[in-house]
Structure formats: structure tokens, C-alpha cells
Amino acid sequence: LPQKRTFPLGGLVENKVVSLLLVAEPESIFAMPDPTVPDSDIKALTILCDLADRELVVNIGWAKHIPGFPSLSLADQMSLLQSGWMEILVLRVVFRSLALEDKLVYAEDYIMDEEQSKLAGVLDLNNAILQLVKKYKAMRIEKEEFVVVKAIALANSDSMQIEDVEAVQRLQDVLHGALQDYESAQHTEDPRRAGKIIMTLPLLRQTAARAVQHFCSIKQEGRVPMHKLFLELLEAK
Amino acid sequence: GCPQQSRLVRRPCTELLKYLTATDDILL
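Chains as they are written, first to last, in the numbering used here: chain E, 291 to 527; chain S, 18 to 45.
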């Protein structure tokens, strides 16, 4: 048997990281749109911003369960979240949408099709997110791979303000190693699968940047109410 | 300017810090 590798996290067995991340994966949240309010772009954007804010709270709680993340300094935890938060939001929408065709599951009770995207003025953004859905659908990404690549996206979010670069590098190595070991155990038929999954990150980064830009312009217009955490992270970008 | 001025100024993120330091049951 290949020599079991241990990690600097006290000898966590490689598949242990995947199972910890599966357990840490938060449940979906609900939009609970008000049926008495007539549909409009403002209503749709208000729902999306409210969902984003609540999902951000969930994602911050999730990040604290990534093996190795709590070992980082608080300042570095904040830096990674300030730079990677939109990628995490987008990835969760993408994963929820894998089972559908040309629709985005922003929440179990808030699924956007092309018409609704046009009405909300987010057609371009949603089409960009749908590109990611198509990419992951084509490679039949599994939940185990999804939870690891989401943690990698956060650890690899290229913040300009990291204080302990070596500690962040160790976190990236742990997560990268977990993905590689998962693939070598589960997908012997495709020795390049781990690389293929990591090669989706540039498109994720680009799509998240488009989302940030779009919501920053909405924020500038001042017509859509946004909660403090979402506003604060938009400004951090 | 002195070296620390050349460091990127970290943006205040009180909300992020609040949730990052909250215990899980508060988050949930």
C-alpha cells in the first residue's frame, strides 16, 4: 500500500479532510420571497442581496471548520474571507444548480430562469454562472470534490494582506493534498482529474469578480436595501 | 513614507469580525 501521508495538522489521514468538510457543509437557506409584493427588478435584487447576506453568515461559520483555517491568525482569516467570499457564494449556487438545466438555484425556494434573470437585470451575470454549472456538470463533479475545491478557493483567494504566508501555504497544501488523495483513490481512471478541477478556479475567480462588480453598481444606485455584512464585504473588495 | 505606511491599509470589517469570533450556536 502507498505510504499513508500525514499532514502538519497532527496526522489527519488524507480522506479525513474530505469527511470533515462534508460534515461542515452548511444546509441550503431559503429566500422566503413575499408573495404579496409584485415581481420587479428591485424585489428580485432585494431577495438576492438578503440571501447573500444570510449565506455569508453561514459561510463564515463553515470556514471555521476547514481543517487548518482556525490555526491561522484572525487577521489572516479575515483577509482570506474578505478576498474569497464571493467565490464561495458563487460555488454554492453552482453546486445547487447542477441538477437543473439553464436555471440557477439561488435558494431551494428561489430558482432563476432566463426570464427572471432578464427582469432582475442579472442576465449576463447568471449566464456567466451558468458557464461554471456547465463546466462542473461536464466533469460530473462530486460533492466530496465540491467541498474541497470550495475550501481551496478560499485558501487560494490571493489576498494582498496575508501576514503569515507560510501558514496559508500549509493550509493550501493540506487541501490540495486531500483533493489529490481523494482523486487517486476514487478516480484512478483519470490521473489528471485533480488538475482539471483546480483549473476551474480561474473561471470561478472571473465570475465572482463580475458578481462583485454588478452588486457594487447596484449599491451605488442605492435603490436596493443591503445588509451590513454584505455591504462591508462589497466595500472590502 | 516609512515602511509601515507602504503596507496595505486593512479595511475595517466589524461585521466580519463579529461573525468570525462568534461561537457556532450564535451563528446558527
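Note that beta-carbon positions come from the ideal geometry of N, C-alpha and C, so glycine has one too.
Does residue i have its Cβ less than 9 Å from a Cβ in chain S?
{"i": "L371 of chain E", "result": "yes"}
{"i": "I378 of chain E", "result": "no"}
{"i": "G351 of chain E", "result": "yes"}
{"i": "E522 of chain E", "result": "yes"}
{"i": "M368 of chain E", "result": "yes"}
{"i": "A526 of chain E", "result": "yes"}
{"i": "L390 of chain E", "result": "no"}
{"i": "K486 of chain E", "result": "no"}
{"i": "L341 of chain E", "result": "no"}
{"i": "L310 of chain E", "result": "no"}
{"i": "K509 of chain E", "result": "no"}
{"i": "D399 of chain E", "result": "no"}
{"i": "A441 of chain E", "result": "no"}
{"i": "L364 of chain E", "result": "yes"}
{"i": "L535 of chain E", "result": "Residue numbering for chain E in the displayed model covers 291 to 527; residue 535 of chain E lies beyond these limits and cannot be assessed."}
{"i": "V347 of chain E", "result": "yes"}
{"i": "L420 of chain E", "result": "no"}
{"i": "L519 of chain E", "result": "yes"}
{"i": "M516 of chain E", "result": "no"}
{"i": "K333 of chain E", "result": "no"}
{"i": "K354 of chain E", "result": "yes"}
Got a sec: is the Cβ-Cβ distance from residue i to anything in chain E below 9 Å?
{"i": "L34 of chain S", "result": "yes"}
For residue i, which option in the options has the closest C-alpha, if you only look at C-alpha atoms?
{"i": "V412 of chain E", "options": "E:E435, E:L335 and E:P492", "result": "E:L335"}
{"i": "P357 of chain E", "options": "E:P481, E:A441 and E:L519", "result": "E:A441"}
{"i": "Y405 of chain E", "options": "E:D392, E:D399, E:E525 and E:F436", "result": "Tyr is not the amino acid found at residue 405 of chain E; the sequence shown has Glu there. Measuring from the Cα of E405 of chain E, the nearest candidate turns out to be E:D392."}
{"i": "W375 of chain E", "options": "E:P328, E:A499, E:R513 and E:M516", "result": "E:A499"}
{"i": "Q451 of chain E", "options": "E:F320, E:S363, E:V347 and E:D463", "result": "E:S363"}
{"i": "Q372 of chain E", "options": "E:I488, E:A445 and E:G485", "result": "E:A445"}
{"i": "D448 of chain E", "options": "E:E317, E:M368 and E:A321", "result": "E:M368"}
{"i": "Q459 of chain E", "options": "E:D471, E:E473 and E:A443", "result": "E:A443"}
{"i": "K333 of chain E", "options": "E:K518, E:A526, E:K527 and E:R513", "result": "E:R513"}
{"i": "Q462 of chain E", "options": "E:D324, E:P316 and E:F359", "result": "E:F359"}
{"i": "Q470 of chain E", "options": "E:T478, E:L388 and E:A484", "result": "E:A484"}
{"i": "D324 of chain E", "options": "E:K518, E:Y400, E:K427 and E:A389", "result": "E:Y400"}
{"i": "M322 of chain E", "options": "E:L310, E:I337, E:P328 and E:D329", "result": "E:I337"}
{"i": "P429 of chain E", "options": "E:V327, E:K486, E:K518 and E:E511", "result": "Residue identity check: residue 429 of chain E is Met in the sequence provided, not Pro. It is E:K486 whose Cα lies nearest to the Cα of M429 of chain E."}
Would you grab the beta carbon distance between residue i and residue j for me? Rounded to a whole angstrom, and I think it's under 8 Å.
{"i": "D343 of chain E", "j": "D454 of chain E", "result": "Wrong, their Cβ atoms sit about 29 Å apart, outside the cutoff."}
{"i": "V380 of chain E", "j": "L494 of chain E", "result": "6 Å"}
{"i": "S361 of chain E", "j": "A457 of chain E", "result": "7 Å"}
{"i": "T320 of chain E", "j": "A397 of chain E", "result": "According to the sequence provided, residue 320 of chain E is Phe. The question's Thr does not apply to it. The Cβ separation is near 5 Å, so the contact holds."}
{"i": "L312 of chain E", "j": "K425 of chain E", "result": "Actually they are not in contact, since the Cβ atoms of L312 of chain E and K425 of chain E sit about 22 Å apart, beyond 8 Å."}
Enumerate in chain order the residues of its own chain whose CB-to-CB distance from residue i is below 7 Å, with the five nearest sequence positions on each side excluded.
{"i": "R24 of chain S", "result": "Its pLDDT being 45, under 50, R24 of chain S is placed unreliably by the model, and the measurement read from it follows with that caveat. Cβ neighbours of R24 of chain S beyond the five flanking positions: none."}
{"i": "D331 of chain E", "result": "L409, A410 and G411"}
{"i": "F520 of chain E", "result": "C339, A342, D343 and L346"}
{"i": "I378 of chain E", "result": "N349, K440, A443 and L444"}
{"i": "L388 of chain E", "result": "V423, Y426 and K427"}
Once the 5 residues before and after residue i are set aside, which same chain residues still bring their CB inside 8 Å of it?
{"i": "K509 of chain E", "result": "M516, L521 and L524"}
{"i": "P20 of chain S", "result": "With a pLDDT of 38 at P20 of chain S, under the threshold of 50, the modelled position of that residue is not reliable, and no figure is offered here."}
Can you give me the Cβ contacts of residue i inside the same chain, cut-off strictly under 6 Å, excluding the 5 residues immediately before and after it?
{"i": "A314 of chain E", "result": "W352 and H355"}
{"i": "F385 of chain E", "result": "F436"}
{"i": "S318 of chain E", "result": "E398"}
{"i": "K306 of chain E", "result": "none"}
{"i": "K527 of chain E", "result": "V502"}
{"i": "K316 of chain E", "result": "Lys is not the amino acid found at residue 316 of chain E; the sequence shown has Pro there. Cβ within range, chain order: V348 and W352."}
Counting Cβ pairs, one atom from each stretch, are 3 or more of them under 8 Å apart for the region 436 to 451 of chain E and the region 414 to 422 of chain E? no
Contact between the region 30 to 39 of chain S and the region 336 to 355 of chain E is defined here as three or more beta-carbon pairs at a separation below 8 Å; is this criterion met? yes
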